[in-house]
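In the working numbering, the protein residues as written are 138 to 430.
All residues carry an ideal CB built from backbone N, CA and C; glycine is no exception.
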Ligand code: GLY
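Here you go:
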């Protein structure tokens, strides 16, 4: 644990690196603040960073404006396959599900996998695990929204938390890319690519073009540089490698000292954050907006 860190907490959540359509600003802002409030309530009560990430991400999975859970993107067959991951900085345990179907909260299935030996379950195996552990079957029709039938944007949601015991966690959840091949997975369930958490270093979560993020193992890059560069600069250096490979993205991180940072090169990246040191919630739709206010 960080010296003198007891009773400090920090949380940052994001709703995706994505273009934002006119009129979507307000629901994005309200949604991301609701997710922050859900996670923060856990941390203020002394709960774990893992529980805080799960609470924040579940909130986003329930809101159709975000591409995760309800409101997930449709793949080439018109179906919904989702990915989610959680990583616990205490023991670097990982729980991830990939191309899972027919669950409302993929992040909670990922959390249930944390104590198990396996770190990633895919497709039918992930769905079977969910059923065996009491997660209700939810038909695609209940997860599909008009927005995702009409639009072809994509994004991921995520959360990074430091709890009062000095433990870090990172989480992701996504409906993936619109129109992608059946069975396609991106960075979100992959430790080292879409997320990472280690109590000795901090934690990070990415959103954006999943193939490029995975090829660059961006989360592991941030873990290697965050102590020297700080969270914001570390993510800035990471995402600027994306355009040459194709695509863009954004990331959120907290370093070992509890400093929060975020950056993106996508058109928008909705984030909200707060900490015990700066408890007033802050929410922005982009870095540019943060600079303006
Ligand atoms: N970053 C989410 C995905 O590419 O699936």
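Query raised in the report: Is there at least one non-hydrogen atom of ligand 1 closer than 6 Å to the beta-carbon of residue 199?
Result: Within the chain shown, the letter at position 62 stands for residue 199. It does not: the Cβ of residue 199 is nowhere closer than 6 Å to a heavy atom of ligand 1.
Report task. Mind listing, in chain order, the continuous beta strand (DSSP E) runs of no fewer than 3 residues lying wholly within the stretch 401-427? Result -> With a minimum length of 3 residues, the continuous beta strand (DSSP E) runs that stay inside the stretch 401-427 are 405-412 and 419-421.
Query - Three-way DSSP call (helix, strand, coil) for residue 326 in this model - result: As a working note, residue 326 is residue 189 in the chain shown. Correct three-state label for residue 326: coil.
Query raised in the report: Do you know offhand how far residue 220's Cα is from residue 259's?
Result: Your numbering for residue 220 matches position 83 in the chain shown. Your numbering for residue 259 matches position 122 in the chain shown. When rounded, the distance between both Cα atoms is 9 Å.
Query raised in the report: Among 417, 266, 207 and 225, which has the Cα closest to the Cα of residue 235?
Result: Position 98 of the chain shown, counting from 1, holds the residue named residue 235. Nearest neighbour of residue 235 by Cα position, chosen from 417, 266, 207 and 225, turns out to be 266.
Query raised in the report: Among the residues of its own chain, which have a CB less than 7 Å from the CB of residue 362, if the five just before and after it don't count?
Result: By 1-based counting over the chain shown, the position of residue 362 is 225. These residues qualify, in order along the chain: 371 and 374.
**Report entry** Terminal residues of the alpha helix (DSSP H) in which residue 345 lies
**Finding:** Translated into positions along the chain shown, residue 345 becomes position 208. Looking at the DSSP string, residue 345 is not in any alpha helix (DSSP H); the run it does join, the beta strand (DSSP E), is 339-345.
**Report entry** Sequence-distant residues of its chain with Cβ nearer than 7 Å to residue 165 (five each side left out)
**Finding:** Working through the chain shown from its first residue, we reach residue 165 at position 28. Hits under 7 Å: 152, 157, 202, 407 and 422.
Query raised in the report: For residue 185, which residues from the same chain have a beta carbon less than 6 Å from its beta carbon, with the 5 sequence-adjacent residues on both sides left out?
Result: Along the chain shown, read from residue 1 onward, the residue named residue 185 stands at position 48. In its chain, beyond the 5 residues on either side, 300 have a beta carbon closer than 6 Å to the beta carbon of residue 185.
Requested in this report: Could you spell out the range, first to last residue, of the alpha helix (DSSP H) harbouring residue 200?
Outcome: Here residue 200 refers to the residue found at position 63 of the chain shown. Note, residue 200: premise wrong, no alpha helix (DSSP H); not H, not E.
Query raised in the report: Under a Cβ-count criterion, where at least 16 other Cβ atoms within 10 Å of its own Cβ denotes burial, should residue 243 be classed as buried or exposed?
Result: For this step, residue 243 is matched to residue 106 along the chain shown. The Cβ neighbour count for residue 243, taken over all protein chains shown within 10 Å, is at least 16; the residue is labelled buried.
Requested in this report: Take residue 400 and list the residues in its own chain whose beta-carbon comes closer than 7 Å to its own, dropping the five residues that flank it on each side.
Outcome: Counting from one through the chain shown, the residue named residue 400 turns up at place 263. Cβ neighbours of residue 400 beyond the five flanking positions: 369, 372, 373, 376, 387, 388 and 424.
Query - Rounded C-alpha distance that separates residue 426 from residue 269 - result: Within the chain shown, residue 426 is the residue found at index 289, counting from 1. Within the chain shown, residue 269 is the residue found at index 132, counting from 1. Approximately 45 Å between the Cα atoms of the pair.
Query - Candidates 282, 209 and 250, of which the one nearest residue 317 by Cα - result: Indexing the chain shown from 1 puts residue 317 at position 180. Taking only the C-alpha atoms, the option nearest residue 317 is 209.
Requested in this report: Identify every run of the beta strand (DSSP E) within the stretch 344-399, keeping only runs that are complete inside it and at least 3 residues long; order them along the chain.
Outcome: If only complete runs of 3 or more residues are kept, the stretch 344-399 shows the beta strand (DSSP E) at 386-392, in order along the chain.
Query raised in the report: Span of the beta strand (DSSP E) holding residue 297?
Result: Translated into the one-based positions of the chain shown, residue 297 becomes position 160. That run of the beta strand (DSSP E) goes 294-299.
Query raised in the report: According to the Cβ coordinates, are residue 240 and residue 326 closer than 7 Å?
Result: Position 103 of the chain shown holds residue 240. Position 189 of the chain shown holds residue 326. In this structure, residue 326 does not lie closer than 7 Å to residue 240 by Cβ.
Query raised in the report: How big is the Cα-Cα spacing for residue 314 and residue 323?
Result: Within the chain shown, residue 314 is the residue found at index 177, counting from 1. Within the chain shown, residue 323 is the residue found at index 186, counting from 1. Pairing residue 314 with residue 323, the inter-Cα distance amounts to about 9 Å.
Query raised in the report: Which value, in whole angstroms, describes the spacing of the CA atoms of residue 214 and residue 277?
Result: Working through the chain shown from its first residue, we reach residue 214 at position 77. Working through the chain shown from its first residue, we reach residue 277 at position 140. Taken atom to atom, the span from the alpha-carbon of residue 214 to that of residue 277 is near 12 Å.
Report task. Can you check DSSP and say which residues form a bridge with residue 221? Result -> Counted from its first residue, the chain shown places residue 221 at position 84. DSSP lists 234 and 310 as the beta-bridge partner residues of residue 221.
Report task. Taking only the alpha-carbon atoms, compute the straight-line gap between residue 420 and residue 271 and give it to the nearest angstrom. Result -> Residue mapping note: residue 420 aligns to position 283 of the chain shown, counting from 1. Residue mapping note: residue 271 aligns to position 134 of the chain shown, counting from 1. C-alpha separation (whole angstroms): 35 Å.
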